[in-house]
Amino acid sequence: MTATVPVRAELFSAERRATTIGIVMLISIIAFEAMGVGTAMPAVVADLGALSQYGWPFVAFMAAAVFGTVLVGRWCDRAGPRGALLATPLVFMIGLLLAGTAGAFAQLLAGRALQGLGAGGLGVAVYVLIAVVYPERARPAVFALTSSAWVLPTLIGPPVSGAVTEALSWHWVFLGLVPLVLVATLLVVPAVRRLGPPDAADLHPARPWLVPAAFGAAVGVAALSWAGENVSGTAAVVAAVALVVLVPALSRLLPGGVVRARRGVASVVLSRGMMAATFFTASSFLPLMLNGTHGWPLTLAGLPLISGALAWSAASAWQGRHPDLSRTVLLRIGFGLVATGVAGLLVVAPAWGAAWVAVPAWTIAGAGMGIGFSALSYLVLQQSAAGDVGFNTSAAQIADQLGTALMIGIGGALLSVLGTPPVALPVLLAVLVLLALAGTVVARRTAVPAA
Numbered sequence: 001m002t003a004t005v006p007v008r009a010e011l012f013s014a015e016r017r018a019t020t021i022g023i024v025m026l027i028s029i030i031a032f033e034a035m036g037v038g039t040a041m042p043a044v045v046a047d048l049g050a051l052s053q054y055g056w057p058f059v060a061f062m063a064a065a066v067f068g069t070v071l072v073g074r075w076c077d078r079a080g081p082r083g084a085l086l087a088t089p090l091v092f093m094i095g096l097l098l099a100g101t102a103g104a105f106a107q108l109l110a111g112r113a114l115q116g117l118g119a120g121g122l123g124v125a126v127y128v129l130i131a132v133v134y135p136e137r138a139r140p141a142v143f144a145l146t147s148s149a150w151v152l153p154t155l156i157g158p159p160v161s162g163a164v165t166e167a168l169s170w171h172w173v174f175l176g177l178v179p180l181v182l183v184a185t186l187l188v189v190p191a192v193r194r195l196g197p198p199d200a201a202d203l204h205p206a207r208p209w210l211v212p213a214a215f216g217a218a219v220g221v222a223a224l225s226w227a228g229e230n231v232s233g234t235a236a237v238v239a240a241v242a243l244v245v246l247v248p249a250l251s252r253l254l255p256g257g258v259v260r261a262r263r264g265v266a267s268v269v270l271s272r273g274m275m276a277a278t279f280f281t282a283s284s285f286l287p288l289m290l291n292g293t294h295g296w297p298l299t300l301a302g303l304p305l306i307s308g309a310l311a312w313s314a315a316s317a318w319q320g321r322h323p324d325l326s327r328t329v330l331l332r333i334g335f336g337l338v339a340t341g342v343a344g345l346l347v348v349a350p351a352w353g354a355a356w357v358a359v360p361a362w363t364i365a366g367a368g369m370g371i372g373f374s375a376l377s378y379l380v381l382q383q384s385a386a387g388d389v390g391f392n393t394s395a396a397q398i399a400d401q402l403g404t405a406l407m408i409g410i411g412g413a414l415l416s417v418l419g420t421p422p423v424a425l426p427v428l429l430a431v432l433v434l435l436a437l438a439g440t441v442v443a444r445r446t447a448v449p450a451a
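Residue numbers (our numbering): 1 to 451.
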C-alpha cells in the first residue's frame with residue numbers, strides 16, 4: 001500500500017518549491033496593486049488634472065482584465081501555460097512602468113489597461129499551471145496559499161500606498177512593484193521551462209468568434225461598472241446597451257447550461273458568479289453603512305473588511321488541511337456562511353441599527369468565502385478536461401466580474417431611487433441574502449455522479 005505524501009511536501013518539494021513561492025508572490029503583487037492603487041488614485045488624478053474622469057483608470061483596468069482573461073484562457077488551452085506565464089507578468093510590468101512614469105492622463109489609462117490585461121491573463125495562467133503541476137489532492141492547499149496571498153496586501157496595502165504617496169510620489173506606488181514582478185517571474189521559470197504544449201488528443205476545436213465576444217464582454221462589464229458609479233438616465237441607457245452586447249458575448253464565453261444551472265462545470269461557474277456578487281457587493285457598500293449612516297470614521301469603517309479578510313485566510317487554510325472533504329459540501333457551507341453574514345448586516349444598515357454587528361457579521365461572511373471560493377477553484381479544475389481548463393477558468397472569472405458589476409449597479413440604482421442608504425441598503429441586502437440562499441441550491445448541482 002502506497003503511503004500518502006503529506007500535502008505540505010507536495011507544495012514545497014524540491015521540484016515545486018520555487019513554483020509555489022513564485023505563484024504566491026505573483027498573486028501578492030496583483031493584490032498589492034489592487035489594494036494600493038485605490039488609495040493613491042486621488043493624488044494621481046489631481047496631479048494629472050483629471051478629477052472629472054476619476055473612474056476611468058478603474059474602468060480601463062476592468063475592461064482589459066476581462067479581455068485578457070478570455071484570450072489567455074484560450075491560449076493556455078491551445079499551447080499550455082508556458083508562454084502565458086512569461087508574457088502576462090511582462091505585460092503587467094510594462095503597464096506599471098507606463099503608469100508610474102505617466103505625465104498625462106492618456107498614458108495613465110494606457111498603463112492601467114496593460115495592467116488589467118496582464119493581471120486578468122495571469123490569473124488564468126496560474127490556475128492552468130496549478131492544474132498541470134500539482135496533484136489533485138494538493139490543490140486545496142495551493143488555493144489556501146493563493147487566498148493568504150491577499151491578506152497582507154489587504155491589511156498593509158492602503159496605508160503603505162498612502163505613506164509612499166505622501167513621502168515620495170504616487171509614481172512609486174506603481175514603480176516600486178516592478179522589481180518584485182521580475183523576481184516572482186524568475187521563480188516560476190524553472191517550472192515553466194519543463195512545460196510543453198498539451199497533447200493533441202486534449203485539444204478541443206477552435207471556438208469561433210472568441211475575440212469579438214471577449215471584446216464585447218470587456219466593453220459590457222466596463223459599461224455596467226461605469227453605470228453603477230454614475231447613476232442617471234444616461235447611465236440607465238448605457239447599462240441597457242451593455243446588457244444587449246453582453247448576452248450574445250456570454251453565450252460564447254461561458255459553458256453551455258450556465259443559465260439553467262446544468263449539473264457540472266456550468267453550475268460551478270454560476271456559483272462563482274453568485275458568491276462573488278453577494279460578497280463583494282455587500283463589501284462595497286459596507287463602509288457607506290458605517291460612515292454615512294452611523295458616522296464611523298473611515299479608519300474604523302474598514303475594521304469589518306480587515307476581520308473578513310483574516311477570516312477568509314483562516315478558513316481557506318483550514319480547508320487546505322482537509323483535502324478529502326467534499327468540495328460540493330464545503331461550497332454549500334460557504335454559501336450558508338456568506339448568507340448569514342450578509343443577513344447580519346440587515347441589523348447594521350438602518351439608522352436605528354447596531355453598527356458593531358458589522359464586525360462579527362463580516363467575519364462570518366469572510367469565513368464563508370475562504371471555504372466556498374477555495375472549493376469553487378478546486379471544482380473548476382476537477383471538472384475541466386485538459387483542453388478546457390483555461391476556458392472554464394476564464395468563464396468563472398468572467399461570471400465573478402459580471403455578477404459583481406451587475407449587483408453593484410443595482411445597489412447604485414436603489415440608492416438613486418430610494419434616496420438614502422438607511423432606506424436603500426436594506427433592500428439590497430435582502431436581495432443579496434436571497435441570492436446566497438439560492439447559491440446553496442445551485443451548489444448541489446456542482447457534484448458530478450461517479451461514472
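In this text, a Cβ means the ideal position worked out from N, Cα and C, and glycines have one as well. Treat the numbers as computed from the prediction; the structure is a model and nothing was measured.
Selected residue, minimal CA-CA separation from residue i, among the options
i	options	result
arginine 332	Asn291, Ser374, Thr146, Trp352	Ser374
proline 212	Ala223, Leu250, Thr185	Leu250
tryptophan 105	Phe391, Ser394, Ala60	Reading off the sequence shown, one finds phenylalanine at residue 105, where the question assumed tryptophan. Out of Phe391, Ser394, Ala60, Ala60 has the C-alpha closest to the C-alpha of phenylalanine 105.
isoleucine 410	Ala396, Asp400, Leu425, Gln397	Leu425
glutamine 115	Leu26, Gly390, Gly103	Leu26
isoleucine 398	Ala309, Ala447, Ala277	Ala277
serine 283	Leu11, Val269, Leu243, Gly302	Gly302
leucine 186	Leu109, Leu86, Val245	Leu86
proline 248	Ala235, Ala214, Phe280, Ala236	Ala214
serine 384	Leu254, Leu435, Glu166, Trp170	Leu254
alanine 367	Leu286, Ala309, Ala149	Ala309
alanine 261	Gly100, Val357, Gly439, Ile364	Gly439
alanine 79	Leu406, Pro422, Ile408, Asp388	Asp388
serine 316	Met41, Ile371, Arg327	Ile371
arginine 82	Val132, Ala102, Val66, Ala63	Val132
leucine 96	Thr340, Leu182, Ala242	Leu182
histidine 171	Gly103, Phe12, Ala395	Gly103
glycine 220	Arg327, Gly403, Pro297	Gly403
glycine 273	Ala113, Val24, Met369	Met369
glycine 256	Ser13, Leu270, Leu406	Leu270
threonine 19	Gly390, Val192, Ala149	Val192
proline 42	Asn291, Glu166, Ser148, Trp226	Glu166
alanine 396	Ala218, Leu337, Val433, Ala266	Ala266
serine 416	Thr340, Thr293, Ser232	Ser232
proline 304	Met407, Thr154, Ala351, Val268	Thr154
glycine 216	Ser13, Pro159, Ala63, Pro323	Ala63
leucine 441	Val268, Gly68, Val45	The displayed chain sequence assigns valine, not leucine, to residue 441. Per the Cα distances, Val268.
serine 147	Gly68, Ile29, Leu246	Ile29
alanine 447	Ile408, Val380, Val238, Leu432	Val380
Any chain B beta carbon closer than 9 Å to residue i
i	result
glycine 334	Among the chains of the structure shown, chain B does not appear; only one protein chain is present.
Rounded Cβ spacing between residue i and residue j (contact assumed at less than 8 Å)
i	j	result
alanine 240	phenylalanine 335	30 Å between Cβ atoms; not a contact.
alanine 144	glycine 320	3 Å
tyrosine 134	threonine 393	Contact flag wrong, Cβ pair sits at about 15 Å.
tryptophan 356	leucine 286	About 13 Å; that fails the 8 Å criterion.
valine 124	glycine 73	5 Å
isoleucine 130	arginine 139	6 Å
leucine 414	valine 427	6 Å
alanine 99	glycine 111	3 Å
leucine 152	glycine 121	Contact flag wrong, Cβ pair sits at about 23 Å.
alanine 40	serine 161	5 Å
valine 329	alanine 365	That belief does not hold up - the Cβ atoms of valine 329 and alanine 365 are roughly 19 Å apart, past 8 Å.
tryptophan 56	leucine 109	6 Å
alanine 242	alanine 218	Their Cβ separation, rounded to whole angstroms, is 11 Å, which puts alanine 242 and alanine 218 out of contact at 8 Å.
Near the ligand NAP: residue i beta-carbon under 8 Å from a heavy atom
i	result
glycine 36	In the structure on display, the ligand NAP does not appear, and there are no ligands present to speak of.
Beta strand (DSSP E) segments (min. 3 residues) lying fully within the stretch 27 to 54: Listed in chain order, there is nothing to give.
Contact the stretch 89 to 98 vs the stretch 341 to 348: 3+ CB pairs below 8 Å: Short answer: they don't touch.
Any beta strand (DSSP E) of 3 or more consecutive residues that is wholly inside the stretch 246 to 334: For the stretch 246 to 334, not a single whole beta strand (DSSP E) run of length 3 or above is found.
At least three beta-carbon pairs within less than 8 Å, the stretch 164 to 183 to the stretch 35 to 48: Yes: the two stretches touch, three or more of their Cβ pairs being nearer than 8 Å.
Residue ranges of each alpha helix (DSSP H) within the stretch 107 to 157, 4 or longer: For the stretch 107 to 157, whole alpha helix (DSSP H) runs of length 4 or above, ordered along the chain, are 139 to 148.
Unbroken stretches of the beta strand (DSSP E), 3 residues or longer, contained in the stretch 58 to 108: Listed in chain order, there is nothing to give.
Contiguous alpha helix (DSSP H) assignments of at least 4 residues, all confined to the stretch 376 to 422: Counting only runs of 4 or more, we get 389 to 418.
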